[in-house]
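Chemist:
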Amino acid sequence: MGVQSPSLQSSLFTLFILSFSLSLSAACEMGFYKPVAGNGLCGKCPHHSHSETRAALSCPCDSNYYRAADDPPAAPCSRPPSAPVNVISSVNGTSVNLEWDRPQDTGGRSDLKYSVLCQKCSGEGGPCGDCASSPGGAGGGKAGGGASASVGGMVERLGTAAVRFVPRQTGLTEPWVTVLNLVAHTNYSFRLLAMNAVTHLSNEPSTYALVNITTNQAAPSEVMEIRQQNTSQNSVILLWHEPNQPNGVILEYDIKYYEKENEAHSYSTLKSKNTSARVSGLKPGTKYIFQVRARTSAGCGDFSQNVEIQTGKAAPLRYNTMTIIWICMALVSGLVTFLAIFICRKRQGYTLPHYPSLLHCGYSKAFQDSDEEKMHYQNGHVSFPDARFYIDPHTYEDPCQAVHEFAREIEASRIKIEKIIGSGEFGEVCYGRMRLPGKRDIPVALKTLKAGYTEKQKRDFLAEASIMAQFDHPNVIRLEGVVTQSKPAMIITEYMENGSLDSFLRRHDGQFTVIQLVGLLRGIAAGMTYLSDLGYIHRDLAARNILVNSNLVCKVSDFGLSRVLEDDPDAAYTTSVSFHIEGGKIPIRWTAPEAIAFRKFSSSSDVWSYGVVMWEVTSYGERPYWNLTNRDVIKSVEEGYRLPAPMGCPGPLHTLMLDCWQKDRNERPRFCQIVTVLDKLIRNPENLKSMDTLCSLNSPPLMERAIPDFSSCNSVNDWLDTIKMSRYKDHFAAGGYQTLGHVISMNQG
Ligand code: AMP
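Residue numbers (the working numbering): -11 to 737.
Set out below in C-alpha cells:
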C-alpha cells in the first residue's frame, strides 16, 4: 500500500467524522430507543419491553410487565412473582411455624420478599376473619389492654398477648415465619404471598399459597388486674379477672406471695378455684409481693405482674388478766378435743387418704377437698405433696429453669457408664450405675445428649426430664435426676431390665399365660390413669414406649414433647389435603381418628392408643394392621373396620379393645374404668379362658383389606405366612380351618 499525501489524509478524516455524526443523529429503528434525541447511540429495547415506532425515546413494557420506580430505562421489565411453593407447617400448641420454597417464577427480579396474611376461622368451613381484628385473635383484644405498637416488625399490643409474627409479618426476606399467640383449638388460614418491587403496579390479583391449620391446647394467658380488698394486719383478700385467653377450663389459680424484703429465702403459694382468695397468716406492717397464675389441664399460664401490698400495722396488745385466762381455757379445750378425735380415729384404723386414691376419673373431680390449700417453697426447693396437675415445661419462659425446678442435678462423677443399650432421639441410651452419697450404687439408664446439639434440642431434651420429674407412680418410669452442668448432658432414670415391651413380647412369643398378659396391661392402664388424672396427654402410647423391668412390671415412658413429630419411626407425615393436618408426624396406627384428622389429642385419644397396645400385647408384638399402608389404615378405620381379636385373645379383652376404638371419643372408657375391668378379669380368670369367643366381633373385622394378598394365597398356611402369623398354623389346623373358605366364613361369623 502506497503512502497517502497529507491533504488526502485530512479529507478522509473529515468524511469519517461526518458519516459518524450522521449515524448518531439518525432516528432509532423499531425495537431500539435512544433516551435523548441527538447524537447518542440507539440501544436495543431491554427484555420484555418494545418500541412500536421509529425514533423511540424509551421502550414501554410489554403487557403485564412493569418497571419499578427505581429501575433505569435500560433495565428489563419484570413482573410479580408467582406464589411460594412447598409450604410446610408445623403446629406447636398455639404457635405455628411456616416454611416454604421460592416461587417457581420470580418475575425476572431478585428483590423477592414475602408476606403472610392470617385469618381465624370459626368451626369447620365456617367464616374467617382477620386474626388481628377477631376477638381473642390478636391476643383477644383485652379491654384496657392498651395501645398497639409495632416493634421491629412484630405486632405487639401492650398488656395482652397479640398474635406475633417472628421475624415479621411483611417484607420477609427468608422463606419462613413463626406465628405465636394463636388461640388454642382454633382453625386458622394463612396466605403466603411472594412480592417484588413491581407487585403493586400489577392489577392482576396476587397469587398465594394457602395453609390451613388447627391449633392445639395451650396454657392460659396471664392473669391481669389484681385488686386488693379488706387488707388487715394479718390478711388480705385478692380479686382478679379470668385470663383473657383461658384456652380451656380453668382448674385453679396459684397465688404466690412473699415478703418483699425476703424474696430469696422463701415464698408460699395458695390455690383457689375462684377468682378471689383470702391470704392469711401474714405479718403485720409488712410489704408483700403477690402474683397469680391460672392453670388448665394444658399447664400453668405466666404469673401476673407483681402486686405490692402492705399489711396494717399491729395495734399494741392490751389484755387484762381475765382475757388471758379465757384465751388459755379456749386453747386447752381445743387441744383436748383434737387429741380425743385423733385417738378415736387411730382405734378405728383410719389413715389419712393417700393421694392417688383421692383422685377420681376426670380432672374436675380431683377437686373434692377445700378450695384453698397451701404449699410451701423453701429456699427455692419445691415439694409437691399435692401435685395434681402436670405442668408443661414449655409454659415456662425458660424451659431450662423448669428442669431445675422439678429435677435434681446429679454430679457426673456419681455416674459410671457401662454399656450402650439403645439409641434415642437425642443420642445414645446407656446402662450405668449411680452412687449417691451415703447410698448403695443402683443400676440406671442414661439418656445422653449428643455433641453438636442446638439450644432448642437441649431444651427439648431436658423438657422430657422436667415432665418425668413431676410423676411418681409405680407404672410410670422414674426420673433419678439430670446432669446439665457437665457434658454430655444426661437424663438418668431407673433401669428397666427387659427393655421396651414390643421387643420383649417378640422375644417371648407365646410364652405367657393370658393372666400374665392382662397383668402387663393392668399396669399400663394404672400408669395411664395416673397420668391422665394429672392432665398429661401422652400422644404416643405404644408398646415400644412401655418399658418392662425384671419383675415384669410395665412402666409408661417416653415423655419427650417433640418425639411425636420427629423421632418415632412409625410416625408419618400427613398432608392437609387428605386429613386437614399441616406438617407434623403422627404414629398413624396407634392414633385416634380425631387426633389424626384434627389434632384433637386428649386422654380419650390416649385410650384409643391403649386399645392398640392391648392388641400388640395379646398378639405378642405383632404390627398393628400388618402391612397395610398408613393411608389404608386411616381409610379402613374411618370406614368402621377394627383390628380383629388376635389368635387366642379372650373375647372380653377384644370387647374392651373395641370399646377403646369407639369413633365417638366420649363413648370410650376412661383409664380408671379400664383398670376396673381388667381387675375384674384378673379376679375371675374363668372369663379369660374361653377361646371360642375369639372372633365374636361387634364390628366387622378388617376383612380383605388387612390381607391384601388373600386371593394370591393357595392355602391357609400361605395366608398365615403372608400376614406374619405363621405361629398360628397349628391353631388353625386344630380348629379345623383347612381351606381359605373356612377362614373367610370364620371372619364373617
Ligand atoms: P427412648 O429414647 O426412650 O425411646 O429409648 C430408646 C431405647 O433405649 C428404648 O427403646 C429402650 O430399649 C432403651 N431404654 C430407654 N430407657 C430405658 C430404661 N430406663 N431402661 C432400659 N432400657 C431403656
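Think of the CB as a built atom: it goes at the ideal place given N, C-alpha and C, for glycine as much as any other residue.
By Cβ distance below 8 Å, which residues in the same chain neighbour residue 401 in space, the five residues on each side in sequence not counted?
Modeler: Around residue 401: no qualifying Cβ.
Chemist: Name the DSSP beta bridge partners of residue 283, please?
Modeler: According to DSSP, residue 283 bridges with 240 and 288.
Chemist: Got a sec? Which residues, its chain only, sit under 7 Å from residue 514 by beta carbon, not counting five neighbours each side?
Modeler: If we look at residue 514 and ignore the five residues flanking it on each side, its Cβ neighbours are 463 and 663.
Chemist: Which one of 658, 660, 636 and 659 has the shortest CA to CA distance from residue 676?
Modeler: Minimum Cα distance to residue 676 is reached at 636.
Chemist: DSSP three-state call for residue 738: helix, strand or coil?
Modeler: With the chain represented from -11 up to 737, any question about residue 738 goes unanswered, as that position is not in the structure.
Chemist: Over the uninterrupted alpha helix (DSSP H) stretch that includes residue 596, give me the two end residues.
Modeler: Residue 596 -> alpha helix (DSSP H) spans 591 to 606.
Chemist: What residues in its chain sit with their C-beta under 6 Å from that of residue 97, if we drop five residues either side in the sequence?
Modeler: For residue 97, where only same-chain residues beyond five positions count, the Cβ hits under 6 Å are 66 and 184.
Chemist: Once DSSP output is grouped into helix, strand and coil, what is the label at residue 18?
Modeler: Coil at residue 18, not helix or strand.
Chemist: Quick one: is the Cβ of residue 264 within less than 6 Å of any heavy atom of the ligand AMP?
Modeler: Incorrect: residue 264 has no Cβ contact closer than 6 Å to the ligand AMP.
Chemist: Hey, could you find the ends of the alpha helix (DSSP H) residue 517 is sitting in?
Modeler: 502 to 521 is the extent of the alpha helix (DSSP H) around residue 517.
Chemist: Which word fits residue 18, buried or exposed, when buried means at least 16 other C-beta atoms lie within 10 angstroms of its C-beta?
Modeler: Exposed, by the Cβ-count rule.
Chemist: What number of angstroms, rounded off, separates the C-alpha of residue 474 from the C-alpha of residue 382?
Modeler: Near 23 Å, if we compare the C-alpha coordinates of residue 382 and residue 474.
Chemist: Is residue 45 buried or exposed, if buried means 16 or more other CB atoms sit within 10 Å of its CB?
Modeler: Residue 45 should be labelled exposed.
Chemist: Let me make sure I understand the geometry here. Which of 119, 506, 38 and 291 has the alpha-carbon closest to that of residue 642?
Modeler: Ranking the options by Cα distance to residue 642, first place goes to 506.
Chemist: Could you please give the first and the last residue of the uninterrupted alpha helix (DSSP H) stretch that includes residue 665?
Modeler: Looking at the DSSP string, the run of the alpha helix (DSSP H) that includes residue 665 is 659 to 671.
Chemist: Since residue 537 and residue 485 should fall inside the 8 Å C-beta cutoff, what is the C-beta to C-beta distance between them, to a whole number of angstroms?
Modeler: Contact flag correct, Cβ pair sits at about 6 Å.
Chemist: Classify residue 451 as buried or exposed, calling it buried when 16 or more other Cβ atoms lie within 10 Å of its own Cβ.
Modeler: Buried, by the Cβ-count rule.
Chemist: For residue 226, which of 260, 410 and 409 has the nearest alpha-carbon?
Modeler: Taking only the C-alpha atoms, the option nearest residue 226 is 260.
Chemist: Compare the Cα-Cα distances from residue 417 to each of 34, 117, 478 and 627 and report the closest residue.
Modeler: Taking only the C-alpha atoms, the option nearest residue 417 is 478.
Chemist: Under a Cβ-count criterion, where at least 16 other Cβ atoms within 10 Å of its own Cβ denotes burial, should residue 36 be classed as buried or exposed?
Modeler: Residue 36 should be labelled buried.
Chemist: What is the residue span of the alpha helix (DSSP H) that residue 107 lies within?
Modeler: Here residue 107 belongs to no alpha helix (DSSP H); instead the beta strand (DSSP E) covers 101 to 109.
Chemist: Please return the same chain residues whose Cβ sits closer than 6 Å to the Cβ of residue 208, not counting the five positions on each side in sequence.
Modeler: The residues are 231, 234, 235, 282, 284 and 289.
Chemist: In terms of DSSP beta bridges, what is residue 216 paired with?
Modeler: The partner list for residue 216 (beta bridge, DSSP) reads 226.
Chemist: Given the structure, does residue 117 come close to the ligand AMP, in the sense that its CB is under 6 Å from one of the ligand's heavy atoms?
Modeler: Residue 117 Cβ: outside cutoff for every heavy atom of the ligand AMP.
Chemist: Given a cut-off of 7 Å, decide if residue 625 and residue 612 are closer than it, judged by their beta-carbon atoms.
Modeler: No, the Cβ-Cβ distance between residue 612 and residue 625 is not below 7 Å.
Chemist: Leaving aside the five residues before and after residue 223 along the sequence, list all residues of the same chain whose C-beta is less than 7 Å from its C-beta, in chain order.
Modeler: Counting only Cβ-Cβ distances below 7 Å, and skipping sequence neighbours, we find 266, 267, 268 and 270.
Chemist: In whole angstroms, what separates the C-alpha of residue 378 from that of residue 189?
Modeler: Their Cα atoms are separated by approximately 54 Å.
Chemist: Does the pairing of the segment 587 to 594 with the segment 651 to 671 give three or more beta-carbon distances under 8 Å?
Modeler: Yes: the two stretches touch, three or more of their Cβ pairs being nearer than 8 Å.
Chemist: With DSSP as the reference, identify every bridge partner of residue 298, one or two as the case may be.
Modeler: The partner list for residue 298 (beta bridge, DSSP) reads 275.
Chemist: Under 8 Å: do the segment 614 to 628 and the segment 541 to 549 share three or more Cβ pairs, one atom per stretch?
Modeler: These segments do not touch.
Chemist: Do residue 77 and residue 201 come within 7 Å of each other at the CB atom, strictly closer than that value?
Modeler: Cβ distance < 7 Å, so residue 201 and residue 77 count as in contact.
Chemist: Let me confirm a value: residue 627 is counted as buried when at least 16 other C-beta atoms fall within 10 Å, else exposed. Which label applies?
Modeler: By the 10 Å Cβ count, residue 627 comes out exposed.
Chemist: From the DSSP secondary-structure annotation, give me the bridge partner or partners of residue 422.
Modeler: Bridge partners of residue 422: 403 and 430.
Chemist: Considering only C-alpha positions, which residue in the set 161, 520, 645 and 59 is nearest to residue 660?
Modeler: Minimum Cα distance to residue 660 is reached at 520.
Chemist: Is there at least one non-hydrogen atom of the ligand AMP closer than 6 Å to the beta-carbon of residue 114?
Modeler: No, Cβ of residue 114 sits at least 6 Å from all heavy atoms of the ligand AMP.
Chemist: If you check the beta carbons only, do residue 279 and residue 292 fall under 7 Å apart?
Modeler: For residue 279 and residue 292, yes; Cβs fall inside 7 Å.
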